[in-house]
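Per the UniProt record's numbering, the very first residue in the sequence shown carries number 1; after that it's consecutive.
Below is one structure, written out as structure tokens, with a few remarks after it.
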Amino acid sequence: MSPFVNAKLVMSCSLAPCHIQDAKKGLEEQLNTMLMKYCDPVEGVLLAFNSVQLLNPYGHIINETPYIHIRVAADALVFRPQTGMELSAVVCKVGSNHIGLLLNGVFNVSIASDEMPEGYAHSYSDDAWVNEDGATIALESEVTFQVLRVHVAHGVISIDGSMRLVGKSSKKRKTIESTIVASPVKEKKSKKSKKIEVEAVEEEPTPKKAKKAKKSKDIENGSAKKSKRTPTHSPAGIPSTGPTYATLKMTKANVFRALAQQRHSINRFLPKAIDKNVVADILATTQRSPTSFNMQPYACVLIDDAKERQEVSTAMLGGNVNVVQNAPLVAVFAADLEPSKRVPAVEHMYREAGANPTYIQQLGAKLRMFGGEGHLAGGIRALISTAVSPLRPVPTYVPVSSWAYKQTMIAATTFMYAAESHEVGTHLMEGFDETRLRHILNIPDRYSIPVVIACGYHTNEAPVHGRSPRLPLKEFWMHLVY
Ligand SMILES: Cc1cc2nc3c(=O)[nH]c(=O)nc-3n(C[C@H](O)[C@H](O)[C@H](O)COP(=O)(O)O)c2cc1C
């Protein structure tokens, strides 16, 4: 079975007034922007199209909008890999926990270490996976794998595969593919008509075949009992307001890996405000971040007003100026350098929660021991730490700014992933003038600002310089050998 299929797109396009003289050219331009991206209605990556036809000689103008809405059809060539297919690809990355493949020189495939063929082990010295007979899987090797899962995010498709299962029936390891609902928050449905609505029609399906095909797809997607399938992706260029990862088995590991692996800093944002409910959910998740003694020594200032962002941008450095001006939401994370002032509130919180009174009573003293507050006391404690440490373990002295930054950055990181889970992209920034920023936002001297986070919906553009690289795993995984 080939992953390349012919399908028919039937679309409702919105033709801009500038294309009235040559409607076909305008429609083709719209279709061109969808090429090489995942297109939900054809359930695959749109590789090519031809024979664009108007289905109706007349279009519609809706309300006061200048667009003409026309139904069109086109023949499409689609890349649609499916679970269980056996495909070949070339190794482009060798690691100890996975290998990366390129399928047809374009599509990414990942084979996790436990999906490598039996008998193979990773060899750092050979930079390859090697078996007892000396056979190797190295860069440029062409290998066959079986498709386990297909991930889609922001129009980009990636495949998890197994080389262990090659030649074995996929039924032996049945995975229930399900649609992941990214958020419990209901977003308001926009009344505005979307620019391109796309629906796919398989070529000449007989009614019986179509019914059967639909049923088997529903089973694959774990939604056999549901009468309607929730759309999981938007056509390229239109941000999805609903579920994100189409065919991912819903485990915590899969969800988090997808978030962390696909996240990247973004510089461009759609000019679209982030729904208030979404922001509230991001903040609620952020607040669940762990902090030392649960002191929660940070504050978050949100700026969505364009004028205020403009003002904030005057405190930013270099390229960060534009980022702040264009992001519909900017979050400023401030670390509390006087955390002892929080103790009464935290004690009260614990009392309300019915915590052990002795624990509550000791909170202040514990914070003094770890929180590093007070310059003079800090200096003395640093001396004591150094002197006593050889005799018995003592809390390491760290200045209060390090202590408070540590807590605040954990919250900022949670914020970043919570945003990403709503398809809200982020860019963390430290390039700013803190004094100016504090002044503009009226943030008291008691706080210091470790990071500013620009947030907004993805434009679906790939990162300008591609996915940012990382050092080899062994560079940061020390195994206590330096
Ligand atoms: C604490 C922190 C501060 C950063 N400050 C800036 C900044 O001022 N300007 C900028 O363009 N990127 C900044 N970045 C983004 C990093 O350059 C980026 O995260 C890194 O290159 C990895 O790329 P990725 O986020 O796309 O994976 C910062 C990131 C972090 C975590």
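Note that the Cβ used here is the ideal one computed from N, Cα and C, for glycine as well.
Beta-carbon proximity of residue i to residue j, cut-off 7 Å
| i | j | result |
| --- | --- | --- |
| V166 | T136 | no |
| G425 | P328 | no |
| G44 | V94 | no |
| S289 | T414 | yes |
| V147 | M85 | yes |
| I282 | A418 | yes |
| G371 | V400 | yes |
| F293 | L363 | yes |
| R436 | A315 | yes |
| R309 | V330 | yes |
| L46 | L35 | yes |
| residue 509 | S14 | In this structure the chain extends from 1 to 482, so residue 509 is not present and cannot be described. |
| H98 | A89 | no |
| S141 | V91 | yes |
| T408 | A335 | yes |
| E115 | R164 | yes |
| Q82 | A153 | no |
| G119 | S110 | no |
| A7 | V42 | yes |
| I440 | V312 | yes |
Collapsed DSSP secondary structure at residue i in the structure displayed
| i | result |
| --- | --- |
| K208 | The pLDDT assigned to K208 is 43, lower than 50, so where the model puts this residue is not dependable; a value taken from the coordinates is nonetheless given after this. In this structure, K208 counts as helix in the three-state DSSP scheme. |
| V279 | helix |
| A16 | coil |
| M287 | The residue asked about is misnamed: residue 287 is Gln in this sequence, not Met. Reduced to three states, the DSSP call for Q287 is coil. |
| P469 | coil |
| M11 | strand |
| N296 | In the sequence as presented, Asn is not what sits at residue 296; that position holds Gln. In the structure shown, Q296 sits in coil (DSSP, three-state: anything other than H, G, I, E or B). |
| P41 | helix |
| G26 | helix |
| I443 | coil |
| A135 | coil |
| S234 | Annotation note: pLDDT 27 at S234 (below 50); position unreliable, no value reported. |
| Q53 | strand |
| S2 | coil |
| A327 | coil |
| L317 | coil |
| L46 | strand |
| S123 | strand |
| F256 | helix |
| A273 | coil |
| T396 | coil |
| V201 | Only weak support is given to the placement of V201: the predicted model assigns it a pLDDT of 34, under 50, and the value that follows is read from those uncertain coordinates. In the structure shown, V201 sits in a strand (DSSP, three-state: E or B). |
| Q21 | helix |
| L383 | helix |
| residue 483 | The shown model of the chain, from 1 to 482, leaves out residue 483, and the question about it has no answer. |
| N322 | helix |
| Q261 | helix |
| E118 | coil |
| N32 | helix |
| R268 | coil |
Endpoints, the beta strand (DSSP E) within which residue i is located
| i | result |
| --- | --- |
| K93 | 86 to 94 |
| A419 | Looking at the DSSP string, A419 is not in any beta strand (DSSP E); the run it does join, the alpha helix (DSSP H), is 400 to 421. |
| G364 | Taken as a continuous stretch (DSSP letters only), G364 belongs to no beta strand (DSSP E), being part of the alpha helix (DSSP H) at 357 to 371. |
| F79 | 68 to 79 |
| H458 | Here H458 belongs to no beta strand (DSSP E), and DSSP marks it neither H nor E. |
| V166 | First-last for V166: undefined, no H or E at that position. |
For residue i: DSSP bridge partner residues
| i | result |
| --- | --- |
| E142 | V90 |
| V147 | G161 |
| V332 | V301, V452 |
| G100 | K93, S110 |
| I61 | I68 |
| L337 | None, per the DSSP bridge assignment. |
| A153 | V156 |
| F432 | M316 |
| A128 | S123 |
Residue i, enclosing alpha helix (DSSP H) - first and last residue
| i | result |
| --- | --- |
| G425 | Run containing G425: none in the alpha helix (DSSP H); it sits in the beta strand (DSSP E), 424 to 429. |
| L391 | That residue, L391, is in no alpha helix (DSSP H); it is neither H nor E in DSSP. |
| A345 | 343 to 352 |
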